[in-house]
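Input: a single structure, listed below in structure tokens.
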Amino acid sequence: MNGYRRLSWLLILLVVVGALVGAVLAEDPPATEAERAYEIKETMLCPVCDGQNVLESNAPVAAAIRAQVDELVDEGRTDEEIRAWMARQYGDDVNANPPRSGLGALVWVLPVFVGVLASALLVLAFTRWRSGREIKPSEEDVQIVRTLREKS
Amino acid sequence: MTALLGTVGVWVALAGALGASVMLILTLGIRQDERHNRAFPWVAVMVSGCVVAVVAMEIALLTDNFSLAYVAANSTKTTPVLYKFATLWGALEGSLLLWALVLCLYVSAVSLNFRHQISDRLVAWALLTMLVVCVFFFGLLAGPADPFGTLPNPPVDGNGLNPLLRNHPLMAIHPVMLYFGYVGFTVPFSFAIAALVTGRLDERWLTSTRVWTLIAWGSLTVGVLLGAWWSYEVLGWGGYWAWDPVENASFLPWLTGTAFIHSVIVQERRGMLRVWNLCLLLATFALTIFGTFLTRSGVIESVHEFSASSLGPLLLGFFALILVVSVTLVGLRGDQLRSPGSIDSPLSREGSFLANNLLFSLFAFVVLLGTVFPLIVEAINGDQLAVGRPYFDRMLLPIGMALLLVMGLAPLLTWRSTAGSVLAQRALAPAACGAGVMAVAVVAGAEGVGPVLGMGLGGFVIGAALRHLVIAFRRNGWRGLVGRSGGGMVAHVGVSLLAFGFIASTAFSEEGEFQLRPGDTGSVAGHHITFVALTDTMDGPNRVVRALIDVEGRGIHSPAITQYPTFGRPIATPSVATSFIDDVYLSLIAIPEPDTDSVVIRVLIEPLVAWIWIGGFVIGVGTLLAVIPVGISRSARREEEVVRR
Amino acid sequence: MKHRSLSSVRIVSAAAGIVLLSFVLVLATRDAGTGTLSKNPLIGELVPEVQGVSFQGEWFDIDDATSGWVLVNFFASWCVPCVQEHPELMEWNRRHRADGVVVSIPFGDTEQDARTFFAKNGGDWPVLIDDESEWAVAFGVLRPPESFLVAPGGTVVAKWQGQITADEVDRVVTELDERNAAP
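Residue numbers (this note's numbering), protein chains in the order written: chain A, 296 to 447; chain B, 468 to 1112; chain C, -3 to 179.
Put into structure tokens, the structure is as follows:
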């Protein structure tokens, strides 16, 4: 029975690994120009439409940015150049990704910090609970037992 | 006349709320038990006043009474009746009126439910807390957000709502569901405050509010998902969730509320996490008020935002008051609430609940941080930056995956401690289910480690939930499927279905844009669409241009663009040819030039989207099942006694 | 042990309270509706390149026009303020026949509609089609109407978001003329 179960787990593991390998192999080759442009448009916010990205927005300015992104990608500009140009024209908040330097980087760092801290506290709590499991009788308990014994 | 009726209603309601509060304060202060019932007549006054005000507003809306500023600004003669009715919650003042009405419903339900226990100080304090919230909202309606302001020279016709808000029936129900969720959390919040004030450490307040919390949670879940569905059907970009500040505002209380409905089980079973659970409830309610502040103050720009108003400082003040009261009470009483218990092993049911809470709190923290971060940075150094969808995707997807893993493991674990061999035996079938889903996904064309792993975890969750349901059904018959654990597992199945839909539609959608003349065919991802004809008609004052598109195997669909005379740019309405496998999402890009016969059609193929809505429905069903009271089974009771001892 | 746990709850809640209240303070000091409007980096800079064939069929290059004033106007036929400001543009054009020119660029509009708009509302100045939206992005246009005043010499000196009047544009023109004349 146990051997049967071990076999089943092995089979499951095989299927999982096989599926993941298949998933990696099926993945597209590195980005084409069109995909690069798509990615830029997806991560760029339309300056007048309250948080919608330029890919999805119908606003004229979004259409203008889309057209220019296509044009600049065609010209062979790098992602960074295009983003910097748009940020200069429309302000830093056209980039949906907050910056990775300066004060803005805090938004990336803080969650990781909080997550690690909270997990550490949880682990600490577990170890404390664990060590506290062999409960020693408190002095009060000993006293109670003693008086009971004396009574009997 | 209607305006007068409404104003009187609001003031009567305010008086009722104040009167009931005073009566409760008197009884709590003087401790004269026979006075207790005097609060209830005042509650009745408040509820009647509120109903009168809402009825007055509805009459004004339905009879096109444009002498009311609210009606003139938000309705028109040509608005269909359903949307006239729904205009009550279409704009700022009216939505607060609906908020007050829902609050009144909850207060009357609580009053009825606890009418014999009002001499209990805990119940009295809870009712008082709720009434203070009522006083605040009726205070807003009586002054700063008066929905019954009149115009000296009423216009012949009103302006009408933003057309986006009146072209889909979902808009009529989504806000109502959302408010039932939002406002519903007032009840457990009030009981939490009451427990802190009275210092009642037992678990009774929890069991008193369990059903209320679940109803609020279920409504909020369904409300948020209906909102997503509305975005999908109406906005035309093929998405349903954009991590927009207003969406986040409705999502935050959901996250803390979800953490609570899980961790409260640990408190009921093991008597632990009391402070934590109180904090979650306090945070959930504070976040609903915070969300109200965000959407109604104009500090954050969002597509869904109400017009900026002067309510900002008032709502912020109320938010601050809640924070001060909550933090002070927890600080003063927290030490009394500390629980004696301990957790034996991380590999146990309670261990998984702790992991769940850690992940949900972290999730909520990331969402909150991302939402308010631009404001904080601007306050510190004046920089303007944006935190958009890529940030939320990158930060939250790993947390979401971890949550799925915990969700699958939790039902397999026993209380106190689980041996590895037991887990290996119990996890076998669910793991096989997960592996099967992964294999099917890859064969069906899924790619990338993240999405495939996510779908596998979803399969694992479904396997674990079904295993639990099957065992419970064998043991207790249909009764095994109701109650918290049965309903909870049904909800887990719903969440996994939703996860499938979410993962597939974000990771594997495909897009194409075609310029088509009548008879032309375009194809994306194996779907062929043929442009049949263009129609150009007048619907009342609005010009509607429709493209009739034949989606192979799914009939004719007609994405449209409508030009409203009172609204600048034309509004595009997409059309979705849906199926259980994938949606073909069609939108018309622009009104075609008059001298050409071709149209530009954007086609999105989004796999499994339908399962998001199905999953939402299943979660709703699960919540209803969980609300049904079920006697604790004998074995569970025995276990509980052991624990208590 | 008991004493320690008592104070830890207090400390944690006090800390949480301070963080939350400073958060409220940040929110309280934010203005409602802080926008991203009119942060135009163009003022003081040389005007971006604008050239092409106008609706009248003539070649236009902004560099040839910067001997005088140039008023670059982005508009759309569907935008109500654009319709309303059109007579003002006509008026400004009439006043500055000698020393200036208006250039209109449709933004978020089709060529067909823009042509109809000019046929209906008049205006004989150059209208150029911004094919790849290059100019719109170069000027950082957000929503029509938007107008840029280019001083003789080719420097952008003013930008208006929304409807303008001939008098308002001339106020800036006179101000700059006086400033140049003073020293």
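Even for Gly, the Cβ is constructed at its ideal location relative to N, Cα and C.
Note that this is a predicted model, so its numbers are computed, not measured.
Could you tell me which chain A residues have their CB closer than 7 angstroms to the CB of residue i, listed as they occur along the chain?
i	result
B/Val1116	There is no way to answer for residue 1116 of chain B, as the model of chain B reaches only from 468 to 1112.
B/Trp704	Glu351
List, in order along the chain, the chain B residues whose C-beta lies closer than 8 angstroms to that of residue i?
i	result
C/Gly13	Leu790, Val791, Val794, Thr795, Gly798
Please state whether DSSP places residue i in a helix, a strand or coil.
i	result
A/Tyr299	helix
C/Leu172	helix
B/Asn580	helix
B/Lys551	helix
B/Ala1014	strand
A/Met381	helix
A/Lys336	helix
B/Ala520	helix
C/Gly29	Confidence at C/Gly29 is low in this model, with a pLDDT of 44, below 50, so the placement of that residue should be treated as unreliable; the coordinate-derived value is given next. Looking at C/Gly29 - three-state DSSP - the assignment turns out to be coil, as it is neither helix nor strand.
B/Asp1003	strand
B/Leu631	helix
C/Ser34	Its pLDDT being 48, under 50, C/Ser34 is placed unreliably by the model, and the measurement read from it follows with that caveat. Correct three-state label for C/Ser34: coil.
B/Glu978	strand
B/Ile585	coil
Please report the Cβ distance between residue i and residue j, rounded to the nearest whole angstrom; I am assuming they are in contact, meaning their Cβ atoms lie under 8 angstroms.
i	j	result
C/Trp65	C/Pro148	6 angstroms
B/Ala1014	B/Ile1072	In fact, because the Cβ distance is near 18 angstroms, the residues do not count as touching under 8 angstroms.
B/Gly473	B/Met513	Going by Cβ atoms, the distance from B/Gly473 to B/Met513 rounds to 15 angstroms, so no, they are not a contact pair.
C/Phe103	C/Ala132	6 angstroms
C/Val99	C/Leu124	7 angstroms
B/Ile1028	B/Leu1001	Going by Cβ atoms, the distance from B/Ile1028 to B/Leu1001 rounds to 11 angstroms, so no, they are not a contact pair.
A/Val311	B/Met874	Not really, about 18 angstroms apart at Cβ, beyond 8 angstroms.
B/Ala470	B/Ser534	7 angstroms
How long is the line joining the alpha carbons of residue i and residue j, rounded to whole angstroms?
i	j	result
B/Glu1106	B/Thr881	The predicted position of B/Glu1106 is uncertain, since its pLDDT is 47 and thus under 50; no value can be drawn from it.
B/Pro720	A/Arg383	37 angstroms
B/Glu845	A/Asp388	11 angstroms
C/Val168	C/Gln47	25 angstroms
B/Gly706	B/Leu559	26 angstroms
B/Ile996	B/Val691	32 angstroms
C/Phe144	C/Lys155	5 angstroms
B/Leu653	B/Leu481	Contrary to the premise, residue 653 of chain B reads as Thr rather than Leu in this sequence. Going by the C-alpha atoms only, they are around 18 angstroms apart.
B/Ser515	B/Ala567	12 angstroms
B/Gln851	A/Pro342	12 angstroms
B/Pro1008	C/Asp120	34 angstroms
C/Ser34	B/Asp1062	The pLDDT assigned to C/Ser34 is 48, lower than 50, so where the model puts this residue is not dependable, and the model offers no usable value.
C/Ser50	C/Pro122	5 angstroms
B/Met956	B/Ala898	17 angstroms
B/Arg800	A/Trp424	23 angstroms
B/Tyr649	B/Ala683	7 angstroms
C/Leu67	B/Val791	56 angstroms
Can you name the residues of chain B whose CB is closer than 9 angstroms to the CB of residue i?
i	result
A/Gln347	Leu702, Trp704, Ala709, Asp711, Val770
Under 7 angstroms between the Cβ atoms of residue i and residue j?
i	j	result
A/Thr327	B/Pro857	no
B/Ile866	B/Gly961	no
A/Ile335	A/Ile377	yes
A/Val368	A/Ala332	yes
B/Ser952	B/Val928	no
B/Leu563	B/Leu528	no
B/Pro1026	B/Asp1049	no
B/Ile970	B/Gly921	yes
B/Pro655	B/Leu748	yes
C/Val152	C/Glu41	yes
B/Pro630	B/Trp556	no
B/Ala506	B/Met490	yes
B/Leu778	B/Ala612	yes
B/Val602	B/Leu485	yes
What in chain B is Cβ-close to residue i, meaning under 7 angstroms?
i	result
A/Gly371	Simply none; closest approach about 23 angstroms.
A/Ile307	Ala898, Ala899, Ala902
A/Leu405	Leu836
Who are the neighbours of residue i on chain C, taking C-beta pairs under 7 angstroms?
i	result
B/Leu783	Val20, Leu23, Ala24
Starting from the beta carbon of residue i, find every residue of chain A whose beta carbon is closer than 8 angstroms, and list them in chain order.
i	result
B/Gln982	Those do not exist, as B/Gln982 stays about 16 angstroms from chain A at its closest Cβ, beyond 8 angstroms.
Report the neighbours of residue i on chain C: residues whose CB is nearer than 8 angstroms to its CB, in chain order.
i	result
A/Gln438	Neighbours of A/Gln438 on chain C: none; closest Cβ ~18 angstroms, over 8 angstroms.
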